[in-house]
Structures are given as structure tokens and as C-alpha cells.
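> In the working numbering, the protein residues as written are 4 to 382.
Think of the CB as a built atom: it goes at the ideal place given N, C-alpha and C, for glycine as much as any other residue.
Sending over a structure as C-alpha cells; questions will come in a sec.
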Ligand code: UD1
Ligand code: UDP
């Protein structure tokens, strides 16, 4: 069968590595994959680096949509994806996660009756102010096969009227819901050894054997509100100074843009060791996650990878879709003030959690997804 995989944003490109690898190694006689890059992310360190480093097949098409408002960006993607689908007539389309590229792929395919296979289906923040929440809900309701990383995700879909445990054939009106584990757990396991061999980030940052904190910030609620961004940065400075610890902050271009505009972090206060660096490769990121003492993040992917590698995280958001991590007490939600955020971070550094049970599957999500897609062939 022929499938089209849609990628566009950094986390989707990384997720696609797991499925492409599985297809290449075990299903190449049965599945032909054709990757379409929407061009949502385009800087080398947000896109191309992952194709090179993770050996993902080159996209057959790059729509080059670039950055713009939600409406314009999504519309350009829908238009471009529809043309590709009409030309290539695949048996199904794979979309990942919850970005505008996910939404566009799902809508374009469902409207022309091409089955949508949604990987990372069923996640909900129950906060519709997040663009991602709208994208997820629409993508799920355009899908024929829904692959859920957690049991909570299955339950969320059931609450919205989906049924799990149905027998095929499946269709848009009778979708199949599957609990398959997290495809990023496959990737973190697979690339962990390679990262140890290839990454030089700890040496470059002179971090080998030293305690440090890893931080990432890119959610629009955190970056587009100056007061909120200043609170987060001040809290990070306080943690660095009080705990005498380095903080490594690989900065997303969205956050970089706002910090430049508002002239934030141009001068660091005395006694603060916060290292703002460009986005790093996935292998470098794995080494930072594996060796840090604490993760401060608003990223969906990074909070989960922290858990995979047995590290606590402070989630810089009012809620999370990955509620299991909170339930296990491996993470906390950061608050609204400098005191809240710094206080929670210090508590996690002083009293780190110790339980990180394997709740994200068996590391073979991609195999399950390939087998299930073939079994039902989108029907
Ligand atoms: C997008 C996703 C978000 C995901 C994130 C992963 C949506 C609505 N949001 O957010 O769910 O968590 O990707 O990283 O789809 N920019 C560059 N170079 C790039 C890409 C972006 O400079 O290669 C800058 C541009 O100024 C752009 C801004 O970042 O306007 C935001 O990019 P965009 O793709 O719209 O959203 P993200 O914040 O990256
Ligand atoms: N990541 C990376 N380099 C970085 C920051 C993140 O390789 O500098 C990886 C990270 O390990 C995870 C993914 O990008 O696999 C998460 O992407 P992001 O935080 O952009 O988006 P989200 O997961 O929140 O949608």
C-alpha cells in the first residue's frame, strides 16, 4: 500500500523517524512511504538536521509554506497537500500530533475520502485557547485509524463518542481506536546509544560530570506575553543563582524573536549561569535530557522524554496532556509567579522523584502501527 506521511514541525519530523525506520527495516515489501514536508519549520536546526542525523528519507515534496498567521499558513498547507493527494492517490495519510500541519493533512485527506491515520490521537489539554487543542480535536474527528499513546488518550476519545475495541472494517464514520504506546519512546530508546557515541554537547558546554538544568520555552502563551516571558526568565535566573547551577536553554526561534524584540536576557544578572544556545539536534537533546538534574519546559515532547530518562520536570504550563507524569509525581506544574516557578524547581532539585515506571508502551509502537495499518488498509 502507498501512504503519504505529513511532517512540518520539528517534533513531527523526529516522530516520523520511528515509522520510516520500521517501514524500511520490516515492511518495505508492503508499505511504500512518501513524505510530504509542509515547510512549517524551515531553519536548518529546526528541520534539515533531523533528516540528516536520524536518517529519515528525504521528503518527496516540500510545500514551503513557511511562517504566517494560522489561517494563511493552514490554508496554504491544505491547498498544497490536496494537490499532492489528488496526484498520488495514496491508500492513506499519516499525520502526527497537533500542529497546523497535522490539521491541514487531516482536513485535506478526509474531504477527498483518503483515510487518515492519526498518531498521538486522543490527547487533550481541555484548554481550547491552545491552537494545538483545536488541531487535535479536528484531526481526531477526521481520522479512520486513531493511535493513542496512553490509556488516558483512549478514554478522552471515548468521552467524545469514539468506541475502542470495535472490529474492522473501519471508516471515517466507524473509526478504529488503538492503544499502541508512544512512538517517541521507540525513538528515545533507539537513539539513546547513538547519542552517547556521537553527541559532543556535554563536552562543548563543559558539562561532563556537572549538575545542570535543561530548559525549553516555546508555547505561544509563554512567548507572546512579555510579562509571562519575563517571569519565566527571572525564575530561571533565580534557580541558577540560588542553587549555583548552570541552566542550558536551547532557544526556539519563536522565543528568540520575542526576546530580541523586547531586549530580554541581553545582560544576565551577576552570579547567574544561564546559557542561551540555538536549538540543538535530537542526539544532543537526548544527551542533555539524560544528564541533567531537572527539566524546565513547556514542550510536550521534552516533558515526556525527561520521564523516559528518569528526570523530573517542571512543566511551565497550567495543564498537561500527559497527565500520567503528574500522577506519578515525576513532574509538577509551574505556577504563575517567579516565587512559584523557582520554588517548585528548587523543590524538585532538592527532593527529586524516584519512580519512573514504563507507562509509555514497550518501545514497539511503530511496529504495531504498521501492522494495524496493513491489517485494515485504512478500511
Ligand atoms: C509549532 C506548533 C506547536 C509545536 C511547535 C514545535 C502550531 C500551531 N504550533 O509552534 O504545536 O509545539 O511547532 O516546535 O502548529 N520560526 C523560525 N524558523 C523556523 C520555524 C519557525 O524562525 O524554522 C519562527 C517564526 O518567527 C514563526 C515562529 O517561529 O513565526 C512560530 O513558528 P510556527 O511554526 O508558526 O509555530 P511554533 O511556535 O513553532
Ligand atoms: N528538541 C530538539 N532540539 C531542541 C529542542 C527540542 O531536538 O533544541 C526535540 C525534543 O527532544 C523533542 C522535540 O524536539 O523530541 C520536541 O519538540 P518541541 O518542543 O519543539 O515541540 P512539542 O513537543 O512541544 O510539540
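Taking its Cβ as the centre, do 16 or more other Cβ atoms sit within 10 Å of residue 146, making it buried, or is it exposed?
Locating residue 146 in the chain shown gives position 143, where the first residue counts as 1. Burial call: buried.
> How many Å lie between residue 381 and residue 111 at the Cα?
In the chain shown, residue 381 corresponds to position 378, counting from 1. In the chain shown, residue 111 corresponds to position 108, counting from 1. Confidence at residue 381 is low in this model, with a pLDDT of 48, below 50, so its placement is unreliable and the value that follows should be read with caution. Roughly 16 Å separates the two Cα atoms.
> In the DSSP assignment, find the alpha helix (DSSP H) that holds residue 38 and state where it starts and stops.
Sequence index remark: in the chain shown, residue 38 carries index 35 (1-based). Element bounds for residue 38: not the alpha helix (DSSP H) but the beta strand (DSSP E), 35 to 40.
> By Cβ distance below 6 Å, which residues in the same chain neighbour residue 250 in space, the five residues on each side in sequence not counted?
By 1-based counting over the chain shown, the position of residue 250 is 247. Correct list, in chain order: 216, 218, 239, 243 and 277.
> Verify the contact flag: residue 43, CB atom, against every heavy atom of ligand 1, threshold strictly below 7 Å.
Sequence index remark: in the chain shown, residue 43 carries index 40 (1-based). Residue 43 Cβ: within cutoff of ligand 1.
> Out of 356, 71 and 258, which one is the CA nearest neighbour of residue 312?
Your numbering for residue 312 matches position 309 in the chain shown. Looking at the Cα atoms, 356 is the closest of the given residues.
> Could you check where the beta strand (DSSP E) with residue 215 kicks off and where it finishes?
Here residue 215 is taken as the residue at index 212 of the chain shown, counted from 1. Taken as a continuous stretch (DSSP letters only), the beta strand (DSSP E) holding residue 215 covers 215 to 219.
> Following a CB-centred definition, is residue 335 positioned closer than 7 Å to any heavy atom of ligand 2?
For the purposes of this step, residue 335 is taken as residue 332 along the chain shown, with counting starting at 1. No, Cβ of residue 335 sits at least 7 Å from all heavy atoms of ligand 2.
> Assign residue 211 to buried or exposed, taking buried as 16 or more other Cβ atoms, counted over all protein chains shown, within 10 Å of its Cβ.
In the chain shown, the residue the question calls residue 211 occupies position 208. Residue 211 comes out exposed.
> Since residue 14 contacts residue 73 with CB under 8 Å, what's their CB separation in whole angstroms?
On the chain shown, residue 14 is found 11 positions in, with the first residue counted as 1. On the chain shown, residue 73 is found 70 positions in, with the first residue counted as 1. About 18 Å; that fails the 8 Å criterion.
> Are residue 158 and residue 100 touching if we call contact CB-CB under 8 Å?
Position 155 of the chain shown, counted from the first residue, corresponds to residue 158. Position 97 of the chain shown, counted from the first residue, corresponds to residue 100. No, Cβ-Cβ distance for residue 158 and residue 100 is not below 8 Å.
> Measuring only the C-alpha atoms, how far is residue 331 from residue 153?
Counted from its first residue, the chain shown places residue 331 at position 328. Counted from its first residue, the chain shown places residue 153 at position 150. Between residue 331 and residue 153, the C-alpha separation is close to 14 Å.
> Can you find the residues in the same chain that come closer than 8 Å, C-beta to C-beta, to residue 71, ignoring five residues on each side of it along the sequence?
As a working mapping, residue 71 is identified with position 68 in the chain shown. 79.
> State the DSSP-derived secondary structure class of residue 82, mapped to helix, strand or coil.
By 1-based counting over the chain shown, the position of residue 82 is 79. If DSSP states are grouped into helix, strand and coil, residue 82 belongs with the helices.
> Quick check on residue 121: does DSSP put it in helix, strand or coil?
Along the chain shown, one-based indexing puts residue 121 at 118. Residue state, collapsed to three classes: strand.
> Alpha carbon to alpha carbon, how far is residue 254 from residue 163? Give it in angstroms, no decimals.
Taking the first residue of the chain shown as 1, we reach residue 163 at position 160. Taking the first residue of the chain shown as 1, we reach residue 254 at position 251. The straight-line gap from Cα to Cα measures roughly 36 Å.
> Quick check on residue 123: buried or exposed, where buried means 16 or more other Cβ atoms within 10 Å of its Cβ?
The residue you call residue 123 lines up with position 120 of the chain shown. By the neighbour-count rule (16 or more Cβ atoms within 10 Å), residue 123 is buried.
> On the premise that residue 269 lies in contact with residue 298, defined as a C-beta separation below 8 Å, what is that separation, rounded to the nearest angstrom?
Counted from its first residue, the chain shown places residue 298 at position 295. Counted from its first residue, the chain shown places residue 269 at position 266. With a Cβ gap of about 25 Å, residue 298 and residue 269 do not count as contacting.
> Going straight from the alpha carbon of residue 256 to that of residue 173, what length do you get?
Locating residue 256 in the chain shown gives position 253, where the first residue counts as 1. Locating residue 173 in the chain shown gives position 170, where the first residue counts as 1. Roughly 40 Å between the two C-alpha positions.
> Let me check one thing: in DSSP terms, what residues is residue 300 bridge-paired to?
If you number the chain shown from 1, residue 300 lands on position 297. The partner list for residue 300 (beta bridge, DSSP) reads 219 and 318.
> Which one or two residues does DSSP pair with residue 226 in a beta bridge?
As a working note, residue 226 is residue 223 in the chain shown. Beta-bridge pairing links residue 226 to no other residue.
> Drop a sphere of 10 angstroms on the beta-carbon of residue 115, count the other beta-carbons inside from all chains shown, and report buried for 16 or more, exposed for fewer.
Looking up residue 115 in the chain shown gives position 112. By the 10 Å Cβ count, residue 115 comes out exposed.
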